[in-house]
Amino acid sequence: MSAFTGVPDMGLNWLDASGDHAEIVLSTRVRLARNLQGHAFGPRARVNDREAVLGRVRQHADRVDALDGSTLFHMPDLDARSRRILLERRLASRELVGEDGADPARGTAVVVSGRAPLNVMVNEEDHLRLQSLVSGLRVRDAWTMVDRLDEDLGRELPYAFHHEFGFLTSCPTNAGTGLRASVLVHLPGLVLTKEISKVLHALGQVGLTFRGLYGEGSEVVGNFFQISNQTTLGKSEEDLVDHLDRVVRKVIQHEMDARQVLLRDAGAVTEDKIWRAYGLLRYARSLSFEELMNLLSGVRLGVSLKLLPELRVYTLNKLMIFTQPAHLEEAAGRDLSPSESDAHRAAFVRRILGSEGDVSPDDRPSSDERPPHA
Amino acid sequence: MKCDNCGEVEAVIHLTQIENNEMTACHLCEQCAAAKGLETPPAPASSFPLQEFLAQMGGEPARQDPAPVDEKCGFCGLTFQGFREAGRLGCPHCYTAFEGHLRGLLGRIHNSTQHVGKVYLPPDPTASQLERRLEGLRGQLRRAVDSEDFERAAELRDEIRSLEAETLP
Ligand SMILES: [Zn+2]
Ligand SMILES: [Zn+2]
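Quick note, the sequences are listed as chains E and A, same order. Counting from 3, one number per residue, gives the positions in the first sequence under my numbering. Counting from 87, one number per residue, gives the positions in the second sequence under my numbering.
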């Protein structure tokens, strides 16, 4: 199966900047962990288990509305770059694509719906990981979509379910509902005002967990945080989803308050940082992914504060995804060394900003120099 | 025990992380743990660290429910010791093979051992599975009505009616 040349935008609806608070919330994901009866899973699954599970998915997928006409990518049949592209589009996990040079195991696959922002990872830690991935803050919608897929698929394939422990998963942290809902939020205001640790601490106290978004290394890049539910057993799916939605809306309110504080107490500095970030992105000749993400964070803040009105959030989302290493190599049609990759990244950013993100030079004085009543 | 990171403050958070089948223990004060949370390397989305829960299981010398070393799942062959090391179960039957231990572990992880979400209806349900599903749906309906989600309530009512029709002789 040749991978992406035919379907360049596959699985990328979540970039389109629709959904609530899209300038602050990049995406919402809800995933359900499911296992089939009669087969070992996780570390105990052998090749025949994995192939049997994949066989049943292949056989039944087209009887499920959302997966009718879907594309199935069998990991061992893909080259390393195509697998990496699936990872960069967040359609497959590191474990599934065989990161760190490991070959992907036989029977591992991802099924990507052509009709809805849904996909199913097959033979990851659990036999099935059903996911919906949408733009902006849309926890309820994402849940409803994946719930429907789950109901349909569960009528075809016999899931492992226990009246007390719920859906049985390889890791006990996922048992019960098997549901993990997560929201990727951009919180530069809270980081710059140093309020972030308070907010993150509070999340832990209401049963939510968070982690940073990482680049190539282990540094948190771009002030993005992923917030998700910590527990999966003992609460209904609706409760888990609604709780996350409510708390994230509060976090967004704190972020907006922090931005107002920034503008009030450090308006000129903030404005300068935003314009410098834009300037570097617009003209730099070499950008590492980390640097790009940090500059994009500044520019995203500027767009959100209406300081860079010509730029669209969609353009910024696209810049984040298509500048990852495998996407750059796919566009170049060859492998790239790290320094070539940085140069290609900068060139891509200049081209996109030139065509859809050119901001008219702003020669107004910055806020501190403006007369008070102007 | 002092914090592994700053070495000054008493450690209050004990993390056990599992990566590439290696378990590492780490003891942190509250402040360093908060900072560390941001620096945890990108765990694969799936290998959610079991954190203090497995540390408790593996680390307590006097456990209330000592596991005989030969305790083993008859279906997949996973031993309880093997589960402790990897933090992953091997098949649906592991949940019954290690039920007693798992109930304790699930209770510590989730503060609950009773699933209250969707009740699964398998492809060829038995009468009792249909009855459980119906109970589950009625619970969902009550919650939908309580939260004034009338659209959802209407869907649930339809589903309950059609299932009730199936269960009637
Ligand atoms: Zn410390
Ligand atoms: Zn087992």
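Every residue, glycine too, gets a C-beta built ideally from N, C-alpha and C.
T30/E, enclosing beta strand (DSSP E) - first and last residue:
Its beta strand (DSSP E) spans residues 27 to 36.
Our contact map puts E126/E next to E153/E with C-beta atoms below 8 Å; I'd like the distance itself, whole angstroms only.
With 8 Å as the limit, E126/E and E153/E do not qualify as a contact, their Cβ atoms being about 21 Å apart.
Is R60/E near ligand 4 - that is, is its Cβ less than 8 Å away from at least one heavy atom of it?
Within the structure as shown, ligand 4 is missing, the only ligands being ligand 1 and ligand 2.
Per DSSP, cross-strand counterpart(s) of A268/E
DSSP, once it has assigned bridges, lists no residue as partnering A268/E.
7 Å Cβ cut-off: residues of chain B touching N91/A
Among the protein chains in the structure shown, which are E and A, there is no chain B.
Hey, does Q200/A have any beta-carbon neighbour from chain E nearer than 9 Å?
Using a CB distance cut-off of 9 Å, Q200/A counts as an interface residue toward chain E.
Per DSSP, the bridge partner or partners of V136/E:
Paired residues: T30/E.
Please report the distance separating the alpha-carbon of R91/E from that of E53/E.
One C-alpha to the other measures close to 25 Å.
Assign Q207/E to buried or exposed, taking buried as 16 or more other Cβ atoms, counted over all protein chains shown, within 10 Å of its Cβ.
Residue environment for Q207/E: exposed (fewer than 16 other C-beta atoms within 10 angstroms of its C-beta).
Count Cβ pairs between the region 56 to 76 of chain E and the region 191 to 210 of chain E that sit closer than 8 Å; are there 3 or more?
Between the region 56 to 76 of chain E and the region 191 to 210 of chain E there are fewer than three C-beta pairs closer than 8 Å, too few to call the two in contact.
Out of L80/E, K196/E, R182/E, state which residue places its alpha-carbon closest to the alpha-carbon of V243/E.
In terms of CA proximity to V243/E, R182/E leads the group L80/E, K196/E, R182/E.
Write down the C-beta distance between S184/E and I229/E rounded to the nearest angstrom, noting that I regard them as a contact closer than 8 Å.
Confirmed, Cβ separation roughly 7 Å.
Relative to the C-alpha of A47/E, which residue among C162/A, C115/A, K158/A, G193/A is closest?
That would be C162/A, whose Cα lies nearest to the Cα of A47/E.
Endpoints, beta strand (DSSP E) assigned at R46/E
If you look at R46/E, you'll find it isn't in any beta strand (DSSP E); DSSP assigns it neither H nor E.
Does the pairing of the region 257 to 266 of chain E with the region 285 to 292 of chain E give three or more beta-carbon distances under 8 Å?
As far as the Cβ criterion goes, the region 257 to 266 of chain E does not touch the region 285 to 292 of chain E, which means the pair count is below three.
Ignore the nearest five residues each way along the sequence and tell me which others in V189/E's own chain have a CB closer than 7 Å to its CB.
Position check: residue 189/E holds Leu in this sequence, whereas Val was assumed. I198, N225, F227, E257, listed in sequence order.
Any heavy atom of ligand 2 closer than 8 Å to the Cβ of R261/E?
No, Cβ of R261/E sits at least 8 Å from all heavy atoms of ligand 2.
Among residues of its own chain, excluding the 5 on either side of G57/E, which ones have a beta-carbon nearer than 7 Å to its beta-carbon?
If the five residues before and after G57/E are omitted, its C-beta is found closer than 7 Å to no C-beta atom of its own chain.
Would you mind telling me which residues of chain E sit closer than 9 Å to L254/A, beta carbon to beta carbon, in chain order?
Here the premise fails: no neighbours, minimum Cβ distance about 20 Å.
My output table needs one value for C160/A: the three-state DSSP class, helix, strand or coil.
Just to set this straight, residue 160/A is Gly in the shown sequence, not Cys. Residue state, collapsed to three classes: coil.
Are the CB atoms of R131/E and V122/E nearer to each other than 9 Å?
The answer is yes: Cβ separation under 9 Å.
Near ligand 2: F167/E beta-carbon under 8 Å from a heavy atom:
Distances between the C-beta of F167/E and the heavy atoms of ligand 2 are all 8 Å or more.
What's the C-alpha gap between L159/E and G335/E?
Their backbone Cα atoms lie some 40 Å apart in a straight line.
Less than 7 Å between C-beta atoms, sequence neighbours within five positions excluded: which residues of the same chain meet that for K204/A?
Excluding residues within five positions, the ones whose Cβ falls inside 7 Å are G222.
Which whole-angstrom value describes the C-beta separation of A111/E and H76/E, a residue pair presumed to lie in contact below a C-beta threshold of 8 Å?
Approximately 5 Å separates the beta-carbon atoms of A111/E and H76/E; this is inside 8 Å, confirming the contact.
Apart from the five residues on each side of it in sequence, which residues of its chain come closer than 7 Å, Cβ to Cβ, to Q215/A?
By the criterion of a C-beta distance shorter than 7 Å, Q215/A is surrounded in its chain by L207, P208, once the five residues flanking it on both sides are discounted.
Just to check, is the beta-carbon of P190/E closer than 8 Å to a non-hydrogen atom of ligand 2?
No, the beta carbon of P190/E sits no closer than 8 Å to any heavy atom of ligand 2.
Considering just the uninterrupted stretch of the alpha helix (DSSP H) at T195/E, what are its terminal residues?
Unbroken run through T195/E: none, as it is neither H nor E.
Got a sec: which bits of the region 171 to 198 of chain A sit with their beta carbon under 7 Å from any beta carbon on chain E, in order along the chain?
The residues in question are A172, G173, R174, L175, G176, C177, P178, Y181, L188, L191, L192, I195, H196, N197, S198.
Listed by chain order, chain E residues near G203/A by CB distance under 7 Å:
Against G203/A, the close residues of chain E are G168, G178, T179, S238, E239, in the order they occur along the chain (beta-carbon pairs closer than 7 Å).
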